[in-house]
Each structure stands twice: as structure tokens, then as C-alpha cells.
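Student:
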Amino acid sequence: MKKFILQQESDNKISQLMINSKQAIFFGSIFICIFLSLVYLSAEILNDILYEKRLSQFKQNYSLMSDKLKHLQKRLKSIDNKVIEIEKKDKALRSYAGMPEIDLDIRKLGTGGYGTNSNILADNIAPTVNEELIALQLDIEKISRNVNLGFKSYESIYDKVKKDINRISKIPSIRPVKGGYLNSSFGYRNDPIDNVVRFHQGQDITVKTGTPVHAPAEGIVKRAYYAGGFGKHIKLDHGNGYTTLFAHLSKIKVKHGQKVSRGEVIGLTGNTGRSTAPHLHYEIHHYGESKNPLDFFFHLPE
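Just so you know, we're using our numbering here: the sequence shown kicks off at 549 and counts up by one.
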């Protein structure tokens with residue numbers, strides 16, 4: 549049996565500790581276990597520190613990305629609403645130009661079916677943000693496609709209008725008064741005087757008395773006098789089935805049979821006839837059928 553002697557000298561004295569090989573192995577094993585345990589615990593503590601630091605950084609990045617995402621979604625919603633308005637105007641313009649509407653199926657092409665890009669985000673992005681960004685990507689693709697479709701549509705409309713400018717110039721296309729605000733709209737409503745539900749064939753625009761009324765297109769004056777509920781009113785015939793009517797005026801500045809041009813002042817707003825307050829009642833008819841004037845507001849009068 550081997551023996552190990554541990555000797556220590558201090559104050560001219562010699563201390564000796566004798567252990568055999570089994571004892572050496574035993575104490576050595578304990579030392580190794582303690583050492584490895586300390587190494588393991590140190591590694592765990594270091595890992596926890598790094599994890600907390602990484603988690604804190606991730607939360608900060610997540611918060612910033614979430615705020616940016618909300619901002620982008622808000623802007624995208626605003627752009628999408630504008631695209632919808634453009635589509636409505638496109639529909640009206642095509643009607644004026646005598647062109648067919650864009651097929652609904654064509655407008656819907658490409659609104660779905662995009663593949664998910666697995667590299668759209670880094671590995672540490674939360675699934676919720678990932679899903680929102682993917683949805684945002686799809687919305688951007690949809691709006692981009694609709695914008696491109698709109699540009700192509702306007703190009704075709706422009707070419708058509710250049711060839712048919714005479715007819716187009718006689719289609720009502722400007723708001724008849726500047727300023728004011730839209731009141732009773734086209735469609736069914738409660739009559740403000742007797743509270744009976746009736747179909748309102750025009751658009752009311754609330755403005756102060758004396759506001760100039762402009763012709764929305766070239767035309768000929770068919771009526772310019774006081775009559776019943778309309779009070780002082782003017783009716784224009786623009787040709788190609790289009791007529792417009794302006795009621796509750798305070799002053800008429802044109803005569804029957806007179807030719808007027810787009811933008812020309814034909815009267816002043818007022819409160820005559822069956823009216824409860826100063827405003828302009830504006831109607832558009834096409835071959836006798838009443839149309840929503842809002843679909844014909846493309847420009848303000850100059």
C-alpha cells in the first residue's frame with residue numbers, strides 16, 4: 549500500500565500528515581466534484597446574466613418595432629381609404645367617358661395567395677409581430693396592385709377623353725359652390741319641414757347667402773325663375789341627357805336660353821322657397837334619372 553506524506557514547516561516545527569492511496573483518491577474526488585460544481589454554477593450564473601440582458605434588449609426592440617408597426621398600419625389604412633376613393637372616381641369617370649367599368653374580379657386579383665416569407669424577420673421576433681408584419685406585407689401588395697391598376701385605368705380614360713373632349717366638356721364635373729359643408733345628402737331622409745320620409749333627389753350644401761353658384765359644365769339655361777318649393781332656381785341643359793338644377797337662390801344672373809360655360813357664375817345662394825336656412829339644393833339628372841351629385845364633384849370652381 550502506498551502512503552503519501554504531506555509535510556509543512558512552520559516555526560522550526562515539522563508537521564506531517566500521512567494518507568494512503570485510497571484516502572488520496574477519496575479527497576481528490578471530493579475536490580474535483582467541488583471544482584466542477586463551482587464551474588457549473590458559475591456558468592449558470594453567467595448564462596442567466598446574459599439571458600436577462602438579451603431579454604431586456606429584445607423587449608426594448610420589440611416595443612420599438614411594435615410602435616413602428618402600428619404607425620405603418622395607420623398610414624397604410626389611410627392610403628387604402630384613398631385608393632377606395634380613387635376607385636369610386638374611376639368608376640364615375642368611366643361612366644362619363646362612355647367606357648365599361650373595370651371588372652370586379654380583376655380588381656380582386658392578387659388580394660390573396662401570397663407565400664409567407666420565412667426570412668421576413670429575425671429569429672427572435674415574437675410570433676404576434678411576425679403575423680402582423682406578414683399581414684402588412686399582403687396589404688402593401690394589394691394596395692400596390694390597385695394603384696398600378698388605377699394608373700393604367702386613368703391612362704385609358706385620358707386617351708378616351710382626348711378623343712371625345714366635346715362631349716366630356718358638357719358633363720357636370722365641378723362642385724357648384726366653394727366652401728360650405730355638405731348637409732342633407734342624396735337618398736331617403738326625413739323632410740326637415742313636415743318630418744315625412746321622402747327621397748331627396750339632390751345634395752344640399754350649406755353656405756351663407758350670396759355665395760356665387762357656378763355652372764358645372766357647358767349648357768343652356770332652360771329655367772330661371774321663382775317656382776314653389778324651389779324658390780328662385782335655375783335649370784341647365786348640358787346635352788347628352790344631362791341636366792342640373794340649382795334651388796333656393798337669392799339672385800338669378802342668367803336668362804332663359806342663355807348659353808353658359810363651365811365655371812361661370814349663374815346665381816347667388818339664398819333661402820327662397822321651401823327652405824329652413826340658407827343653402828344650395830343641387831340636382832343632377834341623366835335622361836330623367838336623378839344621380840348622386842357627390843359622384844360628380846371632381847374640382848372646385850375656379
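Ideal Cβ placement from N, Cα and C applies to all residues, glycine included.
Can you tell me whether G750 is buried or exposed? The criterion is at least 16 other CB atoms within 10 Å of its CB, across all chains shown.
Tutor: Buried.
Student: I'd like to check one pair, K780 with H796: are the Cβ atoms closer than 9 Å?
Tutor: Yes; because the gap between Cβ atoms is below 9 Å, this pair is in contact.
Student: For I800, I'd like the list of residues in its chain whose CB is within less than 7 Å of its CB, leaving aside the five on either flank, ordered along the chain.
Tutor: Only A772, K780, I782 and G815 meet the Cβ criterion.
Student: Please confirm if the segment 709 to 729 is in contact with the segment 755 to 762, defined as three or more CB-CB distances below 8 Å between the two stretches.
Tutor: Touching, yes, given that three or more Cβ pairs across the two stretches are closer than 8 Å.
Student: Can you tell me whether V725 is helix, strand or coil according to DSSP?
Tutor: Looking at V725 - three-state DSSP - the assignment turns out to be coil, as it is neither helix nor strand.
Student: Would you check if the distance between the CB atom of L684 and the CB atom of Q621 is smaller than 9 Å?
Tutor: Yes, the pair counts as a contact, with Cβ atoms nearer than the cut-off.
Student: Cα separation between F845 and K616?
Tutor: Going from the Cα of F845 to the Cα of K616 covers about 36 Å.
Student: Alpha helix (DSSP H) containing R810: first to last residue?
Tutor: From DSSP, R810 is part of no alpha helix (DSSP H); its letter is neither H nor E.
Student: Give me the Cα-Cα distance between E635 and H827, rounded to the nearest whole angstrom.
Tutor: Answer to the nearest angstrom: the Cα atoms are 30 Å apart.
Student: Of the choices N743, T817, D687 and I719, whose alpha-carbon is the least far from that of D628?
Tutor: Taking only the C-alpha atoms, the option nearest D628 is D687.
Student: From which residue to which residue does the beta strand (DSSP E) around R737 run?
Tutor: Its beta strand (DSSP E) spans residues G735 to N738.
Student: Let's see if you can read the secondary structure: which residues bound the alpha helix (DSSP H) around I741?
Tutor: Careful: I741 lies outside any alpha helix (DSSP H) and carries neither H nor E.
Student: Please state whether the Cβ-Cβ distance between I719 and H786 is less than 9 Å.
Tutor: Closer than 9 Å, so yes.
Student: Check for me: the beta strand (DSSP E) holding R771 runs from which residue to which?
Tutor: It spans G767 to A775 - the beta strand (DSSP E) in which R771 sits, taken as one unbroken run.
Student: Do you know offhand how far P724's Cα is from Y610's?
Tutor: For P724 and Y610, the distance between alpha carbons rounds to 52 Å.
Student: Do you know offhand how far Q608's Cα is from S614's?
Tutor: Approximately 10 Å, taken between the alpha carbons.
Student: What are the partner residues of A591, as DSSP defines its beta bridges?
Tutor: Per DSSP, none; premise fails for A591.
Student: Just to confirm, is the Cβ distance from I741 to R822 under 9 Å?
Tutor: It is a contact, given that the beta carbons lie within the stated cut-off.
Student: Nearest to Y774 by alpha carbon, out of G818, G576 and I832?
Tutor: Answer by Cα proximity: G818.
Student: How would you call F574, buried or exposed, if buried means at least 16 neighbouring beta carbons within 10 angstroms?
Tutor: The residue is exposed, with fewer than 16 neighbouring Cβ atoms inside 10 Å.
Student: Three-state secondary structure (DSSP) at H833?
Tutor: Strand.
Student: What three-state label does DSSP hand H827 in the structure shown?
Tutor: Strand, per DSSP.
Student: CA-CA distance, G663 and E689?
Tutor: Low local confidence applies: a pLDDT of 43 at G663 is under 50, so the model's placement there is unreliable, and no value is given.
Student: Hey, how far is the Cα of D752 from the Cα of L842?
Tutor: Approximately 11 Å, taken between the alpha carbons.
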